[in-house]
Amino acid sequence: MAQTEITVPELDAAAVASFQQHLVQSNRIVAVIGAGLSAASGLATFRGTGGRWAKHDVFMVASPAGWRRDPGLVWQFYAERRRESLRASPNPAHHALAALAKHKPGFVALSQNVDGLLQRAGMVPGSGPGNEDKQLKLLHGNLFDLVCEDSTGCGYVEENKVEEPICEVLSEEAVKKRALGQNVMGMDVEDKPPKASALLFEAIAAKNKKILGGDKFTETAPTATDGAPLRELGEDAKAKMPDTAPVLHSGIEKSELPTCPKCKVHLLRPRVVWFGETLPVDIVAEVDALFEEDKIDLCLVIGTSSQVWPTAGFCERARACGAKVAWVNTRAEDLKSLRDGDWVFLGDAGVVLPEILGVYGQDTG
Ligand code: BJW
Numbered sequence: 018m019a020q021t022e023i024t025v026p027e028l029d030a031a032a033v034a035s036f037q038q039h040l041v042q043s044n045r046i047v048a049v050i051g052a053g054l055s056a057a058s059g060l061a062t063f064r065g066t067g068g069r070w071a072k073h074d075v076f077m078v079a080s081p082a083g084w085r086r087d088p089g090l091v092w093q094f095y096a097e098r099r100r101e102s103l104r105a106s107p108n109p110a111h112h113a114l115a116a117l118a119k120h121k122p123g124f125v126a127l128s129q130n131v132d133g134l135l136q137r138a139g140m141v142p143g144s145g146p147g148n149e150d151k152q153l154k155l156l157h158g159n160l161f162d163l164v165c166e167d168s169t170g171c172g173y174v175e176e177n178k179v180e181e182p183i184c185e186v187l188s189e190e191a192v193k194k195r196a197l198g199q200n201v202m203g204m205d206v207e208d209k210p211p212k213a214s215a216l217l218f219e220a221i222a223a224k225n226k227k228i229l230g231g232d233k234f235t236e237t238a239p240t241a242t243d244g245a246p247l248r249e250l251g252e253d254a255k256a257k258m259p260d261t262a263p264v265l266h267s268g269i270e271k272s273e274l275p276t277c278p279k280c281k282v283h284l285l286r287p288r289v290v291w292f293g294e295t296l297p298v299d300i301v302a303e304v305d306a307l308f309e310e311d312k313i314d315l316c317l318v319i320g321t322s323s324q325v326w327p328t329a330g331f332c333e334r335a336r337a338c339g340a341k342v343a344w345v346n347t348r349a350e351d352l353k354s355l356r357d358g359d360w361v362f363l364g365d366a367g368v369v370l371p372e373i374l375g376v377y378g379q380d381t382g
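If you use the working numbering, the sequence shown corresponds to residues 18 to 382, in order.
This is the structure we're talking about:
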């Protein structure tokens, strides 16, 4: 599995001291959290080298259109994510945030992560009537909750479904077996010989010959990355290519996927928020209330590239409520709304957070 490159530079002692001075006095604290929080647990982030979107087409696996086109491919992506998350353990940053929640009742974690690791560190998620005071708000849902795809009509929800596999066709063995025979976008087949995709590779080879000229193209055994030359062609060559791309799909029939036990008509899907879908209404209302209420003392922005909205705007909304901002990230380039006076702690959240939170990041029972 691809790992995020992690650097752990020395933290500036004066910055840590001034941050901790402010932390002691802070009651209302908001953490805006992204995939970098779980990197030290071995879970890949989304963007950048080694990120999930380098291997998977985001619109094929994380959009309503992708689901309509090939729910099997989408399920395969999420079945893999479920397995990875179940095998991972919360890292010291998850534990430090769970401890902070205990020390500071006014702390709220706004997390984009769906991996369940903050919950396993002890944070209790919740939103909606009676759960407004829960300190963990899951902005993009949870890999382990399943819902009927007909959310408005049927509305079936099954929470915390951790049993594996969800159905036979999504078992690890079945996914591996199919990977041997296919080169499906969204599957890691780098070390396996593509068999059933011979026709596709023949077509690619023929196209390469035509575009590059026979003398510039050397035939080699096809590999899973053989599609790359087509993607890397210059604009002229691309213009000569037909509009129709080969249709790649999972080969999984709808009838093989989990059906909703309530309506018995529609498929179950993971309760996560895809591009173009709105965040859960209760959470949107609670976040709005958070940023309308009294002053916010401190905003921690942890391990997010701040590219995905509406979460990308939360730091500025906290600032507008008076918050001082502290960033924890491995990449300085990802501190999108950095201002003078912010604290910047560059490094692995798994190391940095416990250090900067000090006693507030320790569970004292
Ligand atoms: C480390 C580290 C270590 C690494 N330690 N750090 C306004 C303007 C423009 C567009 C929009 C807008 N409002 C809405 C949109 C459309 C869209 C959007 O934002 N598009 C942009 C990409 C342009 N937003 C939506 O569609 C959202 N819905 C919505 O707003 O509804 C209303 C609406 C719809 C349409 C139009 C207008 C309004 C829904 C967004 C759903 C996102 N879903 C995903 C996948 C589903 C869940 C899943 O499978 O997990 O959520 S996409 C993916 O990105 C996933 C993540 O939660 C999300 C955020 O990624 P994150 O966490 O920031 O990860 P990375 O990889 O980007 O960054 C990791 C960071 O960690 C990096 O900075 C590293 O440096 C760092 N790091 N190791 C510390 N060890």
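Backbone N, C-alpha and C define an ideal beta-carbon position, used for all residues, glycine too.
Exercise. By a C-beta neighbour count over all protein chains shown, 10 Å radius and 16 as the cutoff for buried, is V141 buried or exposed?
Worked result: In the sequence shown, counting from the first residue as 1, residue 141 sits at position 124. Using a 10 angstroms sphere on the CB of V141, the tally of other CB atoms stays under 16, which defines it as exposed.
For this session: Please name the residue or residues paired with P287 in a DSSP beta bridge.
Result: Reading the sequence shown from its first residue, position 270 is the one you call residue 287. DSSP output for P287 lists L163 as bridge partner(s).
For this session: Output yes or no for whether 9 Å exceeds the beta carbon distance between V342 and V318.
Result: Position 325 of the sequence shown, counted from the start, is the residue given in the question as residue 342. Position 301 of the sequence shown, counted from the start, is the residue given in the question as residue 318. A Cβ-Cβ contact shorter than 9 Å links V342 with V318.
Problem set entry | Nearest neighbour of V174, chosen from D132, W84, C277 [CA to CA] | Within the sequence shown, residue 174 is the residue found at index 157, counting from 1. Taking only the C-alpha atoms, the option nearest V174 is C277.
Problem set entry | Assigned secondary structure, I269 (DSSP; H/G/I helix, E/B strand, else coil) | If you number the sequence shown from 1, residue 269 lands on position 252. DSSP places I269 in coil when its eight states are reduced to three.
For this session: Go through the segment 122-158 residue by residue and report every complete run of the alpha helix (DSSP H) that reaches 4 residues or more, in order.
Result: 134-137
Problem set entry | Cβ separation of I313 and V33, assumed to be a contact under 8 Å, to the nearest whole Å | What you label residue 313 is simply residue 296 of the sequence shown in a count that begins at 1. What you label residue 33 is simply residue 16 of the sequence shown in a count that begins at 1. Wrong, their Cβ atoms sit about 21 Å apart, outside the cutoff.
For this session: May I ask you to check if the CB of T66 is nearer than 8 Å to at least one heavy atom of ligand 1?
Result: For the purposes of this step, residue 66 is taken as residue 49 along the sequence shown, with counting starting at 1. The closest heavy atom of ligand 1 lies 8 Å or more from the beta carbon of T66.
For this session: Could you name the residues of the same chain whose beta carbon sits closer than 6 Å to that of T321, not counting the 5 residues immediately before and after it, in chain order?
Result: By 1-based counting over the sequence shown, the position of residue 321 is 304. Once the five neighbours on either side are set aside, the close Cβ partners of T321 are G51.
Problem set entry | Buried or exposed by the 16-neighbour rule on C-beta atoms within 10 Å, applied to K154 | For the purposes of this step, residue 154 is taken as the residue at position 137 of the sequence shown. With 16 or more other Cβ atoms within 10 Å, it is buried.
For this session: Could you spell out the range, first to last residue, of the beta strand (DSSP E) harbouring F76?
Result: In the sequence shown, residue 76 corresponds to position 59, counting from 1. Unbroken run through F76 is the alpha helix (DSSP H), 75-78; no beta strand (DSSP E).
For this session: Find the nearest neighbour of K121 within the set K194, L135, Q152, Y95, judged by alpha-carbon distance.
Result: The sequence position of residue 121 within the sequence shown is 104, counting from 1. Check the Cα spacing between K121 and each of K194, L135, Q152, Y95: the tightest is with Q152.
Exercise. Which stretch, first to last residue, makes up the alpha helix (DSSP H) that contains L307?
Worked result: Numbered from 1 along the sequence shown, position 290 holds the residue referred to as residue 307. Where L307 is concerned, the enclosing alpha helix (DSSP H) stretches over 298-307.
Exercise. Between the C-alpha atoms of A306 and A138, what's the straight-line distance to the nearest angstrom?
Worked result: Stepping through the sequence shown from its first residue, residue 306 is reached at position 289. Stepping through the sequence shown from its first residue, residue 138 is reached at position 121. Looking at the two C-alpha atoms, the distance is approximately 26 Å.
Problem set entry | Sequence-distant residues of the same chain with beta carbon closer than 7 Å to W70, five excluded per side | Position 53 of the sequence shown holds residue 70. Only F63, R64 meet the Cβ criterion.
Problem set entry | C316 in three-state terms, based on DSSP | What you label residue 316 is simply residue 299 of the sequence shown in a count that begins at 1. Shown here, C316 sits in a strand according to DSSP, grouped into three states.
Problem set entry | Where I46 sits in the DSSP three-state scheme | On the sequence shown, position 29 is the one that residue 46 refers to. Note: I46 maps to strand in three-state DSSP.
Exercise. Quick one: is T381 buried, meaning 16 or more other Cβ sit within 10 Å of its Cβ, or exposed?
Worked result: Mapped onto the sequence shown, residue 381 falls at position 364. By the 10 Å Cβ count, T381 comes out exposed.
For this session: Below 6 Å CB to CB, which residues in the same chain sit around T242 once its five sequence neighbours on both sides are set aside?
Result: Translated into positions along the sequence shown, residue 242 becomes position 225. Any answer about T242 is weak, because its pLDDT of 44 lies below 50 and its placement is not dependable; what the coordinates show is given next. Cβ neighbours of T242 beyond the five flanking positions: none.
Exercise. For ligand 1, any of its heavy atoms closer than 8 Å to the Cβ of R348?
Worked result: Numbered from its first residue, the sequence shown carries residue 348 at position 331. Under cutoff, so the answer is yes.
Exercise. How is L363 classed by DSSP in three states: helix, strand or coil?
Worked result: One-based indexing of the sequence shown puts residue 363 at position 346. Residue state, collapsed to three classes: strand.
For this session: Return yes when at least one heavy atom of ligand 1 lies under 8 Å from the C-beta of S323, else no.
Result: Taking the first residue of the sequence shown as position 1, residue 323 is located at position 306. Yes, ligand 1 has a heavy atom inside 8 Å of this Cβ.
Problem set entry | H39 classed as buried or exposed, judged by whether at least 16 other C-beta atoms fall within 10 angstroms | Position 22 of the sequence shown holds residue 39. By the neighbour-count criterion, in which a residue is buried when 16 or more other Cβ atoms sit within 10 angstroms of its Cβ, H39 is exposed.
Exercise. Where does P210 land, buried or exposed, given buried means 16+ other C-beta within 10 angstroms?
Worked result: By one-based count along the sequence shown, residue 210 stands at place 193. Caution applies to P210, whose pLDDT of 37 falls short of 50 and renders its modelled position unreliable; the value that the coordinates give is listed next. It counts as exposed.
For this session: Verify whether the separation of the beta carbon atoms of R99 and D311 is less than 9 Å.
Result: As a position in the sequence shown, residue 99 is number 82, starting the count at 1. As a position in the sequence shown, residue 311 is number 294, starting the count at 1. Not a contact, by the Cβ cut-off of 9 Å.
Exercise. Using the C-alpha atoms, what's the distance from E303 back to G147?
Worked result: Locating residue 147 in the sequence shown gives position 130, counting from the first residue. Locating residue 303 in the sequence shown gives position 286, counting from the first residue. Going by the C-alpha atoms only, they are around 12 Å apart.
For this session: Using the Cα positions of S55 and D365, report the straight-line distance between them to the nearest angstrom.
Result: Here residue 55 corresponds to residue number 38 of the sequence shown, with the count starting at 1. Here residue 365 corresponds to residue number 348 of the sequence shown, with the count starting at 1. Approximately 10 Å between the Cα atoms of the pair.
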